[in-house]
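Inspection log for the structure reproduced underneath, given as structure tokens.
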Amino acid sequence: MASFFDTTIKFLEKAAPSLDANRELLPILYAPKRTVKVAIPVKMSNGKMRIFEGWRVQYNDALGPFKGGIRFHQETTEDEVKALGLLMALKNAAIGLPYGGAKGGIRVDPKTLDAIELERLSRGYVDILYPLIGPSRDVPAPDVGTNPQIMAWMTDEFSLLSGFAESAAFTGKPQIVGGSAARNAATGYGGFVVLREVLKMTKNAGKIKTVAVQGVGNVGSHIINFLDEAGFKVVAISDSKGGMYDKKGLKVREICSKISGGMLGQCEIGAPNITNESLLALDVDLLVLAAMEGQINESNVKKVRAKMILEMANGGITPLADTYLEKNKVMVMPDILASSGGVVGSYFEWSANWQRSAFSKEDVFTKIDDFMSRTLSEDYEFAKKRNINLRSAAYSLAIMRILEATKVNGSTHA
Ligand code: NAD
4 MASFFDTTIK FLEKAAPSLD ANRELLPILY APKRTVKVAI PVKMSNGKMR
54 IFEGWRVQYN DALGPFKGGI RFHQETTEDE VKALGLLMAL KNAAIGLPYG
104 GAKGGIRVDP KTLDAIELER LSRGYVDILY PLIGPSRDVP APDVGTNPQI
154 MAWMTDEFSL LSGFAESAAF TGKPQIVGGS AARNAATGYG GFVVLREVLK
204 MTKNAGKIKT VAVQGVGNVG SHIINFLDEA GFKVVAISDS KGGMYDKKGL
254 KVREICSKIS GGMLGQCEIG APNITNESLL ALDVDLLVLA AMEGQINESN
304 VKKVRAKMIL EMANGGITPL ADTYLEKNKV MVMPDILASS GGVVGSYFEW
354 SANWQRSAFS KEDVFTKIDD FMSRTLSEDY EFAKKRNINL RSAAYSLAIM
404 RILEATKVNG STHA
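Everything in the sequence shown is counted per our numbering, starting at 4 for the first residue and increasing by one.
Structure representation (structure tokens):
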């Protein structure tokens with residue numbers, strides 16, 4: 004099977020024929036500008052030292068400082084972080100943010116560490132990368148396996164090293180240390196806005212009712228909340244151990260615990276009654292992918308029966324599976340659009356930190372709504388005009404912006 008990076012490049016190549024200008028500069032997007040591999044020593048609670056392997060891939064910064072999450076996962080590889088860095092560069096360009104793209108990762112199962120070990124690991128990552136990151140250089144955020152607490156430790160470490168309070172160095176922080184009240188729910192909210200707008204544009208509003216959601220972490224648990232509030236019937240949810248299915252509809256509010264601010268937290272899946280493989284094959288109107296990459300691929304795409312797919316997980320669908328879905332008229336709302344609410348939320352957290360002020364949750368949700376609706380209608384028009392799908396349209400517009408900035412910056416040394 005092709006690697007995650009190779010599959011992301013395939014999407015790039017598929018979009019290339021729709022570029023209007025600067026195609027000769029496209030090779031700039033075939034490799035990251037900088038890849039840093041780190042080995043982080045951590046003194047464990049049993050007194051022994053362990054070395055953790057990690058990366059920061061700074062993919063492209065033509066449009067602004069590098070920006071992208073940090074993933075803590077036991078199967079993270081350099082290839083994965085590289086693919087996610089490219090996706091971030093494209094996502095930020097697609098949505099019109101003044102950012103380049105980056106991604107970080109540490110190969111660790113964070114659930115196997117205690118709080119002190121996790122804090123040491125988070126601070127250790129920042130110690131090594133300190134000269135290369137910061138508010139105007141590279142601004143990390145949470146991703147799979149990381150959370151606001153980890154961002155708080157990292158920001159604190161960065162501030163200790165610089166001697167200044169550098170809240171704009173990271174986003175996705177707890178509110179008390181400069182985080183945004185909206186950041187945690189922002190990715191889920193953005194996905195919900197994309198769905199709402201696509202249903203309107205395709206005249207499907209009211210016709211899509213039943214939903215299955217794969218992955219109930221930060222992104223999944225919040226999108227479930229918005230879907231439930233809007234009257235969709237969530238019939239299945241899952242995590243890495245398996246899922247729950249009830250064709251009459253799950254009692255989402257009981258399964259998912261509340262966290263402060265009334266938003267849903269992680270959902271507790273009791274005794275699973277469905278596997279992830281069967282969840283993906285359920286006869287539902289909408290399938291939401293909110294777990295990991297490559298979940299719909301060559302081996303299972305023919306079993307998918309959903310009419311629409313909201314790809315919140317970065318790289319949730321492989322290129323061959325995507326082509327099959329397109330041929331079979333399954334409407335895909337691609338990751339590059341569907342999951343960009345988080346970075347829009349991050350952008351407003353970062354802007355507020357620079358100004359030493361704060362935006363209200365309502366304010367940020369309104370801004371996410373504006374960004375996502377505008378981007379979506381541009382992409383939809385472009386896709387219709389060129390007779391391509393939404394993913395290729397978003398990729399083309401994003402690539403054109405990056406290449407135009409590259410040309411204007413004059414930084415190709417050509
Ligand atoms: P998370 O770690 O909070 O949650 C991941 C969830 O997926 C967990 O419930 C986990 O149990 C589940 N999971 C893992 N492997 C699975 C499998 N094989 N089958 C079913 N469930 C599985 O992560 P998150 O932050 O919610 O991120 C989810 C996805 O969304 C990732 O692809 C991430 O890159 C993407 N994303 C996240 C953000 C963000 O703001 N957190 C922003 C944009 C994109």
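Each residue gets a CB set at the ideal place from its N, CA and C atoms; glycine is no exception.
Contact set for residue i: own chain, Cβ-Cβ below 6 Å, skip 5 residues either direction
i           : result
residue 300 : 321 and 324
residue 100 : 350
residue 196 : 372 and 375
residue 408 : 65 and 66
residue 8   : 82, 85 and 86
residue 132 : 59
residue 149 : 73 and 75
Residue of the options minimising C-alpha distance to residue i
i           : options               : result
residue 22  : 410, 401 and 341      : 401
residue 296 : 189, 218 and 234      : 218
residue 335 : 354, 311 and 345      : 311
residue 146 : 75, 193 and 162       : 75
residue 221 : 251, 188, 212 and 200 : 188
residue 235 : 211, 242, 257 and 223 : 211
residue 272 : 329, 131, 249 and 96  : 249
residue 327 : 306, 229 and 160      : 306
residue 382 : 206, 397 and 391      : 397
residue 329 : 34, 41 and 394        : 394
residue 270 : 406, 253, 352 and 410 : 253
residue 127 : 412, 158, 112 and 285 : 158
residue 280 : 315, 256 and 240      : 240
residue 120 : 16, 55 and 91         : 55
Buried/exposed call for residue i, threshold 16 Cβ in 10 Å
i           : result
residue 156 : buried
residue 373 : exposed
residue 357 : exposed
residue 77  : exposed
residue 242 : buried
residue 139 : exposed
residue 43  : buried
residue 170 : buried
residue 70  : buried
residue 4   : exposed
Enclosing alpha helix (DSSP H) for residue i [first to last residue]
i           : result
residue 152 : 151–165
residue 13  : 7–18
residue 199 : 186–204
residue 229 : 221–232
8 Å CB neighbourhood of residue i in its chain, flanking five on each side removed
i           : result
residue 135 : 37, 39, 59, 61 and 141
residue 313 : 194, 197, 198, 226, 289, 290, 291, 292, 336 and 341
residue 263 : Bear in mind that a pLDDT of 40 at residue 263, under 50, signals an unreliable position, so the number given afterwards is only what the model happens to contain. Closer than 8 Å at Cβ, skipping near neighbours: no residue.
Opening and closing residue of the beta strand (DSSP E) in which residue i lies
i           : result
residue 336 : 334–336
residue 127 : Residue 127 -> not in any beta strand (DSSP E); alpha helix (DSSP H) instead, spanning 118–132.
residue 59  : 52–63
residue 47  : Here residue 47 belongs to no beta strand (DSSP E), and DSSP marks it neither H nor E.
residue 244 : Careful: residue 244 lies outside any beta strand (DSSP E) and carries neither H nor E.
residue 143 : 141–145
residue 314 : 311–314
residue 107 : 104–110
residue 209 : Looking at the DSSP string, residue 209 is not in any beta strand (DSSP E), and its letter there is neither H nor E.
residue 290 : 289–292
Cutoff 9 Å: residue i Cβ touching any chain D Cβ
i           : result
residue 312 : Absence of chain D from the displayed structure is noted, only one protein chain being present.
Cβ neighbours of residue i in the same chain (closer than 7 Å, five flanking residues each side left out)
i           : result
residue 46  : 52 and 123
residue 348 : 183, 185, 186, 189, 367 and 371
residue 68  : 102, 103, 139, 140, 141 and 142
Starting from the N-terminal end, write out each residue whose C-beta falls within a distance shorter than 6 Å of any non-hydrogen atom of the ligand NAD. Proximity annotation: the ligand NAD has residues 145, 146, 147, 148, 190, 217, 218, 219, 220, 221, 222, 223, 241, 242, 243, 279, 293, 294, 295, 315, 316, 317, 342 and 345 in chain order, each selected because its CB is closer than 6 Å to a heavy atom of the ligand.
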